[in-house]
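Counted from 1, the sequence shown has number 808 at position 298 by the numbering used here; the numbering is strictly sequential.
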Amino acid sequence: MKSYLTIPILWILLHSCIPGKEMNSGNPRTSEYWLNQFLAGIHPILFRENTGTIEWMILEGKVAATSRGKDIALDPFQNVILAGETDGALFNGAVFGTQDLIIAKYNSQSGRAWARQLGASGALLTVVGIATDPLGNAYIAGYTNAAFSGPMLSGQDLFVIKVSLDGTPIWSKQVGPTGGSYFLNPTDICVDSLGNSYVVGDTNGPFGGPVAISGTMFVVRFDSSGNQSWATQLSVTGANTTASGLACDSTSGTAFVAGWGGANYSTLTAPGIGGNDLFVFKYDSSGNRQFFTHIGQASVEILTGPITLDRSGNIFVGASSNADFGFGNPGTTYAGTIFKYDQSGTQQWIRQFGLNNGTAITTPTSLVTDLANNVFFTGYTDGNLVTGTGASIGNNDLFFTKYNGQGEQQWLRQIGTAGATLIGNGIVTDPEGALYGTGSATGTINGISINGTQDLFLVKYR
């Protein structure tokens with residue numbers, strides 16, 4: 511592959527040096543544009559802008575079974591690794607527990623390379639996220655109500671499992687505060703360039719600190735061998751604090767944690783500005799916390815969801831909010847809301863999409879950036895995002911949307927089926943600009959009938 515790319519690379523470099531040429535790195539018709547893209551890591555032969563066209567979609571399900579795709583990641587060879595859960599014999603001859611964990615790898619043409627189903631007797635396993643390291647190992651986080659990766663410690667324990675390129679389990683860990691009345695509720699996972707994994711969530715137990723009250727946020731770190739490096743908690747008296755999203759900055763070793771709650775997170779005192787405010791904290795590799803940003807509006811709430819970074823180090827946070835950031839929200843509808851911050855925490859822009867009338871709720875569940883610093887969202891809604899008024903086609907419809915780095919919406923796609931619930935849970939982009947998404951469907955999706963009560967889907971957009 512390297513030799514195949516040598517000629518066009520040399521052509522770009524040489525052509526850009528011709529004297530008397532007008533330099534215009536912003537015009538895709540000029541060689542300067544492609545040289546600039548190449549130097550930024552975007553190869554002109556491979557990358558192209560995503561236009562929101564479905565290339566393929568597949569469903570995985572079993573008769574009378576419920577199966578959900580919960581998150582998705584990319585390995586170094588541009589294969590897609592999907593993580594989810596099922597209560598049927600989806601990838602195994604029989605279900606192990608009440609609900610099993612599933613992992614499957616697919617190539618860019620939808621071919622399944624392998625699939626694994628893991629579980630334990632009596633265990634109800636719920637997956638919250640997946641991330642990969644530079645070697646292609648995958649790390650899956652979730653929670654369990656029974657012994658799975660170790661003895662049961664609380665009423666609900668956290669688990670993390672690491673699998674190799676071929677899906678073979680390497681290690682698995684189960685942790686929690688000791689005591690049946692306690693719980694750990696993880697919400698997201700990220701992995702740094704060294705294979706250290708970070709998990710965030712909330713708890714009512716003394717995990718990562720002495721506080722044992724509901725509405726306490728935690729962050730825990732495991733090294734590449736699965737040893738717990740540290741755990742830390744954050745609790746604000748008089749307020750609930752929920753961590754909802756996590757992103758690792760591989761260049762700095764920093765983990766960004768997004769969430770929401772009823773406190774002023776710059777001073778760690780209650781109350782906050784609104785009913786629930788958005789916050790972002792930074793954690794270094796030793797678990798030291800640093801305030802990054804906090805935003806709210808009086809009498810409304812910002813229910814923070816996912817967080818991600820682009821190649822320039824900018825931070826994007828998604829939320830569902832009845833606040834009005836220039837959208838005309840009357841306070842009765844929850845719009846999809848996007849916040850962009852630079853590396854120092856300075857707000858760049860805020861955008862909202864959905865309905866600015868009625869009582870519709872639009873919930874972003876996952877976001878990702880591509881090599882050109884575009885940002886993509888997926889999630890679900892009970893409103894009509896295309897027309898901006900009225901109800902969704904089904905009980906809840908699935909959506910995908912794309913914004914450029916300046917906050918301009920490039921396209922929006924909504925998929926719904928009458929009487930069905932379609933949920934988008936995870937998205938990832940590849941170096942060529944393709945977008946992959948996963949989630950679940952209780953009815954026909956994109957003309958494809960489901961096999962079970964609820965099937966997981968995998969879709970590719972170009």
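Think of the CB as a built atom: it goes at the ideal place given N, C-alpha and C, for glycine as much as any other residue.
Coil, strand or helix - Tyr616 by DSSP: In the structure shown, Tyr616 sits in a strand (DSSP, three-state: E or B).
Pick out whichever of Ala901, Thr563, Ala749, Ser795 has its Cα sitting closest to the Cα of Gly763. Comparing alpha-carbon positions, the option among Ala901, Thr563, Ala749, Ser795 lying closest to Gly763 turns out to be Ser795.
Measuring CA to CA, which of Thr608, Gly868, Asn750, Tyr692 is closest to Arg576? Just to set this straight, residue 576 is Thr in the shown sequence, not Arg. Minimum Cα distance to Thr576 is reached at Thr608.
So that I know if they touch, is there some Cβ in chain B lying closer than 8 angstroms to that of Thr879? Protein chain content of the structure displayed is limited to a single chain, and chain B is not contained in it.
Between Gln588 and Gly949, what straight-line distance do the alpha-carbon atoms span, to the nearest angstrom? C-alpha separation (whole angstroms): 20 angstroms.
Short of 6 angstroms in beta carbon distance, which residues of its chain neighbour Ser745, apart from the five on each side in sequence? Order them along the chain. These residues qualify, in order along the chain: Val721, Thr726.
When DSSP builds the beta bridges, which residues end up paired with Ala928? Beta-bridge pairing links Ala928 to no other residue.
Reference Ile848, options Pro874, Thr897, Pro840, Gly838, closest by Cα: Checked all of Pro874, Thr897, Pro840, Gly838; the closest Cα to Ile848 is Pro874.
Over the uninterrupted beta strand (DSSP E) stretch that includes Lys912, give me the two end residues. It spans 907-913 - the beta strand (DSSP E) in which Lys912 sits, taken as one unbroken run.
Using a Cβ-Cβ cutoff of less than 8 angstroms, which residues in the same chain neighbour Ile960 once the five nearest sequence positions on both sides are dropped? If we look at Ile960 and ignore the five residues flanking it on each side, its Cβ neighbours are Leu569, Gly571, Ala951, Thr952, Gly953, Thr954.
Per DSSP, Gln807 forms a beta bridge with which residues? In DSSP, Gln807 forms no bridge with anything.
Curious, which full-length beta strand (DSSP E) runs of at least 3 residues does the stretch 634-677 contain? Counting only runs of 3 or more, we get 635-642, 648-654, 664-673.
If we call anything under 8 angstroms between Cβ atoms a contact, is Gly629 one with Phe606? Annotated as proximal: Gly629 and Phe606, with beta-carbon spacing under 8 angstroms.
Could you tell me the distance, in whole angstroms, from the CA atom of Gly900 to the CA atom of Thr891? Looking at the backbone, the Cα of Gly900 and that of Thr891 are separated by about 11 angstroms.
Between the CA atoms of Thr869 and Tyr971 - distance to the nearest angstrom: Rounded to whole angstroms, the gap between the alpha carbons of Tyr971 and Thr869 is 30 angstroms.
For the beta strand (DSSP E) containing Ser830, list its first residue and its last residue. 825-831 is the span of the beta strand (DSSP E), which, as asked, contains Ser830.
Touching by the beta-carbon criterion (3+ pairs, under 8 angstroms), the stretch 676-683 and the stretch 740-754: The answer is no - the stretch 740-754 does not touch the stretch 676-683, with fewer than three Cβ pairs under 8 angstroms.
Note the first and the last residue of the continuous beta strand (DSSP E) segment covering Asp581. Where Asp581 is concerned, the enclosing beta strand (DSSP E) stretches over 577-584.
Sequence-distant residues of its chain with Cβ nearer than 8 angstroms to His784 (five each side left out): Here residue 784 is Gly; the residue named in the question, His, does not match the sequence. In its chain, beyond the 5 residues on either side, Gly806, Gln807, Ala808, Ser809, Val810, Glu811, Ile812, Ala833 have a beta carbon closer than 8 angstroms to the beta carbon of Gly784.
Residue of Asp880, Asn914, Val878, Thr872 minimising C-alpha distance to Val896: Among Asp880, Asn914, Val878, Thr872, the Cα nearest to that of Val896 is on Thr872.
Would you check if the distance between the CB atom of Thr879 and the CB atom of Phe826 is smaller than 8 angstroms? Yes. Within cutoff.
In angstroms with no decimal places, state the Cα-to-Cα distance between Ile817 and Ala768. Each residue's Cα considered, the two are about 6 angstroms apart.
Relative to the C-alpha of Gly715, which residue among Pro941, Ser664, Tyr851, Ser703 is closest? In terms of CA proximity to Gly715, Ser664 leads the group Pro941, Ser664, Tyr851, Ser703.
Give every residue of the same chain whose Cβ lies closer than 8 angstroms to the Cβ of Ser760, excluding the five residues on either side of it in the sequence, and list them in chain order. If we look at Ser760 and ignore the five residues flanking it on each side, its Cβ neighbours are Asp702, Ser703.
Quick check on the DSSP output: the beta strand (DSSP E) that includes Gln862 runs from which residue to which? That run of the beta strand (DSSP E) goes 857-863.
Residue environment, Asn706, which counts as buried when at least 16 other CB atoms sit within 10 Å: Classification of Asn706: buried, given that the 10 Å Cβ count is 16 or more.
If distances are taken between C-alpha atoms only, which option among Ile925, Ala829, Thr636 comes closest to Ile564? Comparing Cα-Cα distances from Ile564 to each of Ile925, Ala829, Thr636, the minimum goes to Ile925.
Only counting runs of 3 or more residues, tell me where the beta strand (DSSP E) segments fall wholly within the stretch 726-764, in order along the chain. For the stretch 726-764, whole beta strand (DSSP E) runs of length 3 or above, ordered along the chain, are 726-732, 738-744, 751-759.
Please tell me whether Ala614 and Arg622 are closer than 8 angstroms, where the distance is taken between their beta carbons. Taking 8 angstroms as the Cβ cut-off, Ala614 and Arg622 qualify as a contacting pair.
Boundaries (first-last residue) of the beta strand (DSSP E) holding Arg626: From DSSP, the beta strand (DSSP E) with Arg626 extends over 622-628.
Would you grab the beta carbon distance between Leu668 and Val710 for me? Rounded to a whole angstrom, and I think it's under 8 angstroms. By a beta-carbon distance limit of 8 angstroms, Leu668 does not contact Val710. Their separation comes to about 10 angstroms.
Distance, Gly771 Cα to Asn750 Cα: Asn750 and Gly771: Cα-Cα distance of roughly 5 angstroms.
Can you find at least 3 beta carbon pairs, one from the stretch 679-686 and one from the stretch 650-660, that sit closer than 8 angstroms? A contact exists between the stretch 679-686 and the stretch 650-660.
Nearest-angstrom Cβ-Cβ length linking Phe766 and Phe802, presumed shorter than 8 angstroms: About 7 angstroms separates the two Cβ atoms, so the contact holds.
Helix, strand or coil: how does DSSP classify Phe887 here? Reduced to three states, the DSSP call for Phe887 is strand.
Alpha carbon of Tyr692 to alpha carbon of Ser659, nearest angstrom: Rounded to the nearest angstrom, the two C-alpha atoms are 18 angstroms apart.
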